[in-house]
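This note's numbering puts the first residue of the sequence shown at 324, with every later residue one more than the last. Each residue gets a CB set at the ideal place from its N, CA and C atoms; glycine is no exception. Structure first, commentary second.
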Amino acid sequence: MVTILIKIGVVKLMQTTYSFPLARTHLAIVISTLLTGFSFNAIAADTTDDIEKIEVWGTTITNGSLLQDDIEKRQADHLSDLLRDQAGIDVGGSHSMVQGINIRGVDELDLNITVDGVTQNNNMFHHSGNLLINADILKAVDINVGTNSVLTGGLSGGVAFETKDAADLLDPQQDFGARLHADYSSNDSVGGSATVYAQLTDSIDALGYLTYTDRHNFDDGDGNEVQGNEGEITNGIMKLGWDVDDHNRFELSYDKYTDEGDYYIKTNFGSNYNESHELETQEIEYTRTTVSLAYELDLGDMLNLRSSIYQNELSYMPTDKEGQSKHTGYTVLAESVVQGDLVHTLRYGAEGYEQTSKLIEQGITSNEETADSHAIYLEDEIALTNKLSVTPGIRYNHYKVDMFSPGTGDSLDKTWTDFTFGLATKYLVNDQWTVTAAATELFQGPGLRETYTDYDTTFDKDLKAETGVNYTVGAAYQQYNVFGLDRLGFSVDVFRTEINDYIDNWSVGKGRPIGEYVNSGDYVIKGVESTLTMRKDDFNARLTYSSSNSESQETGEVLRYEVGDSLSLGLGYEFTEYDVNVNWTTLVTLSDDVVYGGADINKKGYDVHNISAQWLPASVPDLTLTFGIENLLDEQYYSHASYTSDTVQDYESGRNFKISASYIF
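Right under this line is the structure:
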């Protein structure tokens with residue numbers, strides 16, 4: 324099953340005859356085995372009919388086909404607040420400038436991450452992150468754990484973020500609305516946001532959004548002040564939509580996000596390292612500016628289409644110089660349902676961008692590098708019976724880089740092309756059980772070197788693109804009124820990801836940018852993800868478990884950011900007579916002893932508990948008050964997805980009391 328959130332359009336694939344080498348023959352045999360044997364898949368039973376409407380303001384998370392409740396109550400000010408309790412996914416970095424998404428031990432440099440369809444594929448600086456995303460304005464977060472369709476790239480899946488627009492917030496009979504929001508955290512920030520949205524004419528709507536957060540140094544779980552966090556975050560968004568008629572819509576948007584403050588240049592190493600090495604903070608400004616134009620066409624089953632063009636620029640600017648990474652790109656994706664002897668659901672499209680990266684110092688530009696990425700794809704979900712469907716797919720990948728290292732005088736100007744294939748199957752055993760299996764070939768072109776450095780690099784002239792195969796099998800169960808419960812759901816996903824010719828970002832970017840740009844061998848990632856959900860009257864519970872283990876086939880070492888084994892437990896109760904809901908979340912990550920770069924690294928286990936209560940008074944229906952305590956037991960911990968060594972631990976916030984209020988006009 325494939326979850327699609329964004330991007331649409333029409334393409335025509337070339338008629339070509341393909342030959343299958345041994346690796347592809349092996350893939351076909353494995354897929355055939357999966358299709359004919361009894362299989363289980365955590366890409367769960369189709370729950371589209373069970374999706375509940377969210378409140379006016381909130382964020383919906385989908386993970387595979389599992390829909391999470393509205394999570395405004397989490398008072399998210401960091402991506403970890405949104406994503407860390409999802410099976411198979413973690414967020415590293417305690418600082419807002421370092422937050423990075425990790426799926427099955429693979430960091431964001433090898434994932435497909437988008438915001439409103441705009442690619443976030445950057446490699447800015449090995450001591451910073453590559454994502455500037457504001458959790459407050461998000462409408463939906465669509466998580467693909469593992470690459471299970473030719474419609475998406477990346478070695479281990481990705482995340483598609485979608486922000487709100489006026490059409491999401493306006494009631495049917497409403498021409499104007501506004502929301503004011505304020506929040507306070509004891510450890511240690513204060514902020515607020517203002518949103519206005521309006522139906523300007525019968526066909527034109529608009530949204531304006533502005534948020535501001537003033538942050539100070541927080542205390543970790545041992546009560547130590549974590550220096551280098553004094554700063555401000557601002558995010559402004561303007562959107563203008565035009566419904567040409569019942570079938571056509573255009574939307575123009577502008578989004579600027581700025582994180583600036585008195586920060587350490589080695590932010591990802593944590594406060595202890597910077598203080599012990601007597602490093603001083605400095606003024607750093609990190610900015611993302613995005614402009615996009617989207618077009619939607621809805622002709623029902625015949626054609627449902629969305630396309631966009633965009634420009635996305637990141638600027639990392641301490642006091643002495645500036646690194647810039649700019650993407651100019653397009654996305655096109657369409658879906659058509661064709662009725663005949665069999666029902667075909669065709670999904671087809673294209674995407675691409677040109678990336679430019681450069682370093683500016685004292686008005687002089689250097690380290691100018693470019694990458695061009697383009698892909699066209701087609702998949703056909705074929706309903707063979709009312710219970711069994713198969714989905715073959717094909718993707719054409721074209722990728723080109725032009726890199727140059729002034730220090731060594733070495734360069735790389737090379738193009739890679741490849742066809743990748745996928746095949747998935749879904750079988751509805753009965754009204755409760757669904758089993759599925761999928762195998763998808765992988766392709767990832769070598770990313771540009773990091774932007775904010777001028778380190779010496781040499782290039783392997785025979786550098787290969789990263790390729791591989793992701794295999795997934797699993798099962799899902801959902802039943803109402805069973806075992807005394809109103810609803811019970813369960814899913815399990817077993818996977819094996821083979822990555823060939825992996826390029827270790829540690830050697831060329833995210834860690835130690837001096838060295839040779841070279842393939843570092845083949846890796847295998849194996850693991851399992853499972854989720855159990857239940858509801859009884861006003862009580863609901865959710866338990867997840869995930870395990871991911873990576874191994875180099877040459878050295879036996881792991882991926883740098885392997886997370887290991889983790890669990891999450893979420894409990895919620897709605898006191899309907901008092902208009903209050905209460906939620907408890909427990910996050911547990913087990914200790915993990917790994918070998919990386921020839922060194923033994925012990926990643927300490929931890930358990931963190933959060934509680935929140937939200938009051939929506941019936942007497943004041945437009946008011947929402949939320950109170951929460953994060954890290955209730957004041958645990959001293961760091962994420963396994965953060966940079967970690969024997970001397971570096973990026974500790975996260977200790978106990979933190981949060982209160983927020985919002986009012987909708």
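Residue i, enclosing alpha helix (DSSP H) - first and last residue
i	result
Tyr-596	593-599
Ser-403	402-406
Nearest neighbour of residue i, chosen from the options [CA to CA]
i	options	result
Asp-525	Gly-551, Thr-518, Gln-496	Gln-496
Val-881	Asp-916, Thr-780, Arg-865	Asp-916
Asn-547	Glu-574, Phe-980, Ile-982, Asp-973	Asp-973
Asp-511	Ala-489, Ala-529, Glu-485, Asn-540	Asn-540
Asp-413	Ala-747, Gly-551, Val-817, Glu-431	Glu-431
Tyr-919	Ala-490, Asn-933, Glu-877, Gln-937	Glu-877
His-600	Ala-984, Val-971, Ser-871, Ser-983	Val-971
Lys-473	Leu-656, Val-911, Asp-957, Thr-382	Before going on, a small fix: residue 473 reads as Val here, not Lys. Ranking the options by Cα distance to Val-473, first place goes to Leu-656.
Glu-953	Lys-981, Val-666, Ser-942	Lys-981
Glu-897	Gln-937, Val-758, Gly-921	Gln-937
Leu-523	Asp-408, Phe-499, Leu-771	Phe-499
Asp-695	Ile-717, Gly-652, Leu-701, Glu-702	Gly-652
Glu-839	Ile-436, Phe-727, His-721, Leu-890	Phe-727
Asn-751	Val-713, Lys-589, Gln-550	Per the sequence shown, the amino acid found at residue 751 is Leu instead of Asn. Nearest option by C-alpha distance: Val-713.
Gln-647	Val-468, Gly-797, Glu-773, Glu-874	Glu-773
Leu-626	Asn-571, Gln-605, Gly-593	Asn-571
Ile-683	Asp-777, Tyr-507, Ala-864	Asp-777
Ala-399	Arg-670, Tyr-986, Ile-934, Leu-628	Ile-934
Ile-556	Ala-505, Leu-602, Asn-597, Glu-608	Glu-608
Ser-545	Leu-956, Ala-964, His-963, Val-567	It should be pointed out that residue 545 corresponds to Asp in this sequence rather than to Ser. Comparing Cα-Cα distances from Asp-545 to each of Leu-956, Ala-964, His-963, Val-567, the minimum goes to Leu-956.
Ser-983	Gly-515, Val-905, Gly-481	Gly-515
Thr-475	Thr-912, Thr-757, Tyr-719, Glu-583	Tyr-719
Terminal residues of the beta strand (DSSP E) in which residue i lies
i	result
Leu-711	711-728
Ala-489	That residue, Ala-489, is in no beta strand (DSSP E); its alpha helix (DSSP H) goes 489-492.
Asp-582	571-586
Phe-862	862-875
Asp-923	922-926
Ser-689	687-706
Ala-673	666-684
Tyr-825	Run containing Tyr-825: none; DSSP gives neither H nor E here.
Tyr-974	Here Tyr-974 belongs to no beta strand (DSSP E), and DSSP marks it neither H nor E.
Gly-381	Unbroken run through Gly-381: none, as it is neither H nor E.
Thr-610	605-621
Phe-988	Segment: none, Phe-988 is in no beta strand (DSSP E) and carries neither H nor E.
Burial state of residue i, where buried means 16 or more other Cβ atoms lie within 10 Å
i	result
Val-438	buried
Leu-711	exposed
Ile-687	exposed
Gly-730	exposed
Gly-745	buried
Phe-862	exposed
Leu-350	Residue placement at Leu-350 cannot be trusted, given a pLDDT of 41 that sits under 50; what the coordinates show is reported in the next sentence. The residue in question, Leu-350, is buried, as its Cβ has 16 or more Cβ neighbours within 10 Å.
His-450	buried
Tyr-803	exposed
Asn-793	buried
Thr-854	buried
Gly-879	exposed
Gln-662	exposed
Phe-988	exposed
Gln-685	exposed
Assumed close pair residue i, residue j - CB separation to whole angstroms, cut-off 8 Å
i	j	result
Gly-844	Tyr-825	6 Å
Glu-677	Ala-698	Wrong, their Cβ atoms sit about 14 Å apart, outside the cutoff.
Thr-780	Asp-736	That belief does not hold up - the Cβ atoms of Thr-780 and Asp-736 are roughly 14 Å apart, past 8 Å.
Lys-562	Asp-488	5 Å
Phe-448	Tyr-639	6 Å
Asn-386	Ile-456	About 17 Å separates the two Cβ atoms, so there is no contact after all.
Asn-823	Gly-791	5 Å
Met-857	Tyr-586	43 Å between Cβ atoms; not a contact.
Thr-654	Ser-630	7 Å
Gly-416	Gln-409	Not really, about 17 Å apart at Cβ, beyond 8 Å.
Ala-617	Glu-574	5 Å
Leu-910	Val-931	5 Å
Asn-591	Tyr-960	16 Å between Cβ atoms; not a contact.
Leu-478	Thr-382	Actually they are not in contact, since the Cβ atoms of Leu-478 and Thr-382 sit about 26 Å apart, beyond 8 Å.
Val-815	Ala-798	6 Å
Any non-hydrogen atom of the ligand FMN closer than 8 Å to residue i Cβ
i	result
Tyr-639	Ligands in the displayed structure: none, and consequently the ligand FMN is not present.
Chain C within 9 Å of residue i, Cβ atoms only
i	result
Val-971	Absent from the structure: chain C. Only one protein chain is present.
Continuous alpha helix (DSSP H) assignments of at least 4 residues falling wholly in the region 877-916: Within the region 877-916, no complete alpha helix (DSSP H) run reaches 4 residues.
Contiguous beta strand (DSSP E) assignments of at least 3 residues, all confined to the region 739-791: Listed in chain order, they are 756-767, 780-782.
Length at least 3, wholly inside the region 428-511: the beta strand (DSSP E) runs in chain order: 435-438, 461-468, 480-486, 499-508, all fully within the region 428-511.
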